[in-house]
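Colleague:
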Amino acid sequence: MSGLFDLTGRVAVVTGANAGIGQAIAIALAGAGADIALVGRTPADETLAQIEALGRKGALISADLGTIGPVERIVSETLEKLGRLDFLINNAGIIRRADSVDFTEADWDAVIDTNLKSVFFLAQAAGRHMIRQGYGKIVNIASMLTFQGGIRVPSYTASKSGIGGLTKLLANEWSAKGVNVNAIAPGYIATANTTALRADAERNASILARIPAGRWGDASDLGGAAVFLCSRASDYVDGHILAVDGGWLAR
Ligand code: NDP
Numbered sequence: 001m002s003g004l005f006d007l008t009g010r011v012a013v014v015t016g017a018n019a020g021i022g023q024a025i026a027i028a029l030a031g032a033g034a035d036i037a038l039v040g041r042t043p044a045d046e047t048l049a050q051i052e053a054l055g056r057k058g059a060l061i062s063a064d065l066g067t068i069g070p071v072e073r074i075v076s077e078t079l080e081k082l083g084r085l086d087f088l089i090n091n092a093g094i095i096r097r098a099d100s101v102d103f104t105e106a107d108w109d110a111v112i113d114t115n116l117k118s119v120f121f122l123a124q125a126a127g128r129h130m131i132r133q134g135y136g137k138i139v140n141i142a143s144m145l146t147f148q149g150g151i152r153v154p155s156y157t158a159s160k161s162g163i164g165g166l167t168k169l170l171a172n173e174w175s176a177k178g179v180n181v182n183a184i185a186p187g188y189i190a191t192a193n194t195t196a197l198r199a200d201a202e203r204n205a206s207i208l209a210r211i212p213a214g215r216w217g218d219a220s221d222l223g224g225a226a227v228f229l230c231s232r233a234s235d236y237v238d239g240h241i242l243a244v245d246g247g248w249l250a251r
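To convert, note that position 58 of the sequence shown is 58 in the UniProt record's numbering; the numbers rise steadily by one, no gaps.
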């Protein structure tokens, strides 16, 4: 590996690390040399085993990010267990689907609290530490719906377009303090989140027909972008939303 992408000696916090994109990003960062705090409400035992098999250290941190209650503890436990905190991957997220005319306040609040409020306040808690140490990288997981409207997912679209704005705002505030804030916008990725879409043959065919790459993304397709945005190769990349979408937005 080129030294430019070497993360040895660094520590990353990854939320929602037990499955899907968070798990794949945690493993990719460990593969580049980082130790990883695996944060979530479901223990990321399998991810931990894979990180340890790569010769890296991991720590399990139990936290439900449906509220901002745990954000300060996530930072302090990471420092206690792994000694530093250099990167935050704000990945945990949920989706609720219903027509906008029927959309409930409960489905609005659940998605906004998890996908937007916790993302901001965890970035704030980690960012305070990073600013003190004069170095850090935050990567928020956005979506195609950071750029597009979508349909039947109003709280999800609001949360993900909100993440786009916050990514730029935090980059503006923290860039000169040594903290880069960027986002990754995944396209259609085959995870538990998208099982129902893939099971609907008609929907699946229309999605595939629109993806220039002609296939669903795999969670591991996100790993390279995350390593890049945590590495010194991206030191002058800030406030950017990097689509990893098989060309979806190009069409
Ligand atoms: P998964 O459903 O596979 O994973 C979501 C992760 O978030 C899980 O680890 C889940 O934990 C965690 N999570 C959800 N709610 C909470 C909570 N309250 N507290 C702690 N952890 C929580 O989905 P993906 O891997 O597909 O999604 C990861 C991110 O990528 C999300 O932000 C999603 O919006 C985004 N994304 C995904 C796309 C896709 O096509 N898959 C496209 C664009 C964006 P648990 O297992 O305990 O529920």
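Ideal placement from N, C-alpha and C gives every residue a C-beta, glycine not left out.
Please state if the CB of residue 37 and the CB of residue 71 are separated by a distance shorter than 8 Å.
Modeller: In the sequence shown, the residue the question calls residue 71 occupies position 71. In the sequence shown, the residue the question calls residue 37 occupies position 37. Result no, Cβ atoms of residue 71 and residue 37 do not sit closer than 8 Å.
Colleague: Report back the beta-carbon spacing between residue 40 and residue 15 to the nearest angstrom; my notes put them in contact at under 8 Å.
Modeller: In the sequence shown, the residue the question calls residue 40 occupies position 40. In the sequence shown, the residue the question calls residue 15 occupies position 15. Right, the Cβ-Cβ distance comes to about 6 Å (below 8 Å), so this counts as a contact.
Colleague: Using 7 Å as the cut-off, classify the Cβ of residue 186 as near or not near the heavy atoms of the ligand NDP, replying yes or no.
Modeller: Mapped onto the sequence shown, residue 186 falls at position 186. True, at least one ligand heavy atom lies under 7 Å from that Cβ.
Colleague: How far does the alpha helix (DSSP H) with residue 228 in it reach, from first residue to last?
Modeller: To locate residue 228, count along the sequence shown from 1; it is residue 228. 223 to 230 is the span of the alpha helix (DSSP H), which, as asked, contains residue 228.
Colleague: Give a yes or no on whether the C-beta atoms belonging to residue 21 and residue 91 are separated by under 8 Å.
Modeller: Walking along the sequence shown from the start, residue 21 turns up at place 21. Walking along the sequence shown from the start, residue 91 turns up at place 91. A contact, by the Cβ cut-off of 8 Å.
Colleague: So is the beta-carbon of residue 241 under 7 Å away from any non-hydrogen atom of the ligand NDP?
Modeller: The residue given as residue 241 occupies position 241 in the sequence shown. No; taking the cut-off as 7 Å, the Cβ of residue 241 has no heavy atom of the ligand NDP nearer than that.
Colleague: Taking the alpha carbon of residue 237 as the point to measure from, which residue in 138, 146 and 200 has its own alpha carbon closest?
Modeller: Translated into the one-based positions of the sequence shown, residue 237 becomes position 237. Taking only the C-alpha atoms, the option nearest residue 237 is 138.
Colleague: Helix, strand or coil for residue 35 per DSSP?
Modeller: Indexing the sequence shown from 1 puts residue 35 at position 35. Strand at residue 35.
Colleague: In the DSSP assignment, find the unbroken alpha helix (DSSP H) run with residue 195 in it and report its ends.
Modeller: Residue numbering aside, residue 195 sits at position 195 when the sequence shown is read from its first letter. Here the alpha helix (DSSP H) through residue 195 covers 195 to 199.
Colleague: Is the segment 182 to 190 in contact with the segment 225 to 245, if contact means three or more CB pairs nearer than 8 Å?
Modeller: At 8 Å Cβ cutoff, the stretches touch.
Colleague: Cβ atoms of residue 131 and residue 174: under 8 Å apart, would you say?
Modeller: Against the sequence shown, residue 174 aligns to sequence position 174. Against the sequence shown, residue 131 aligns to sequence position 131. Cβ distance < 8 Å, so residue 174 and residue 131 count as in contact.
Colleague: Given this structure, state the Cα-to-Cα distance separating residue 57 from residue 101, to the nearest angstrom.
Modeller: Sequence index remark: in the sequence shown, residue 57 carries index 57 (1-based). Sequence index remark: in the sequence shown, residue 101 carries index 101 (1-based). Each residue's Cα considered, the two are about 48 Å apart.
Colleague: Which value, in whole angstroms, describes the spacing of the CA atoms of residue 49 and residue 19?
Modeller: Along the sequence shown, read from residue 1 onward, the residue named residue 49 stands at position 49. Along the sequence shown, read from residue 1 onward, the residue named residue 19 stands at position 19. Answer to the nearest angstrom: the Cα atoms are 13 Å apart.
Colleague: Taking the C-alpha atoms as reference points, what is the distance between residue 152 and residue 206?
Modeller: For the purposes of this step, residue 152 is taken as residue 152 along the sequence shown, with counting starting at 1. For the purposes of this step, residue 206 is taken as residue 206 along the sequence shown, with counting starting at 1. One C-alpha to the other measures close to 17 Å.
Colleague: Report all residues from its chain with a CB closer than 7 Å to the CB of residue 232; omit the five preceding and five following residues, and keep chain order.
Modeller: In the sequence shown, counting from the first residue as 1, residue 232 sits at position 232. Result list for residue 232: 4, in chain order.
Colleague: Under the assumption that residue 170 contacts residue 126 (Cβ atoms under 8 Å), give the Cβ distance between them as a whole number of angstroms.
Modeller: Against the sequence shown, residue 170 aligns to sequence position 170. Against the sequence shown, residue 126 aligns to sequence position 126. About 11 Å; that fails the 8 Å criterion.
Colleague: Can you tell me whether residue 134 sits near the ligand NDP, meaning its C-beta is under 7 Å from at least one heavy atom of the ligand?
Modeller: Locating residue 134 in the sequence shown gives position 134, counting from the first residue. Checking every heavy atom of the ligand NDP against the Cβ of residue 134, none is found closer than 7 Å.
Colleague: Does the distance between the C-beta of residue 193 and the nearest non-hydrogen atom of the ligand NDP fall short of 7 Å?
Modeller: Locating residue 193 in the sequence shown gives position 193, where the first residue counts as 1. It does: the Cβ of residue 193 is within 7 Å (strictly closer) of some heavy atom of the ligand NDP.
Colleague: From residue 34 to residue 76, what distance separates their C-alpha atoms?
Modeller: Position 34 of the sequence shown, counted from the first residue, corresponds to residue 34. Position 76 of the sequence shown, counted from the first residue, corresponds to residue 76. Rounded to whole angstroms, residue 34 to residue 76 spans 18 Å at the Cα level.
Colleague: Under a three-way DSSP split, which group does residue 87 fall into?
Modeller: As a working mapping, residue 87 is identified with position 87 in the sequence shown. Strand, per DSSP.
Colleague: Alpha carbon to alpha carbon, what distance is there between residue 27 and residue 81?
Modeller: Taking the sequence shown and counting its residues from 1, one reaches residue 81 at position 81. Taking the sequence shown and counting its residues from 1, one reaches residue 27 at position 27. So the two alpha carbons sit approximately 18 Å from each other.
Colleague: May I have the straight-line CA-CA distance separating residue 182 from residue 43, to the nearest angstrom?
Modeller: Locating residue 182 in the sequence shown gives position 182, counting from the first residue. Locating residue 43 in the sequence shown gives position 43, counting from the first residue. When rounded, the distance between both Cα atoms is 27 Å.
Colleague: Unbroken beta strand (DSSP E) runs of length 3 or more, entirely within the segment 134 to 168: which are they?
Modeller: Fully enclosed beta strand (DSSP E) runs of 3 or longer: 136 to 141.
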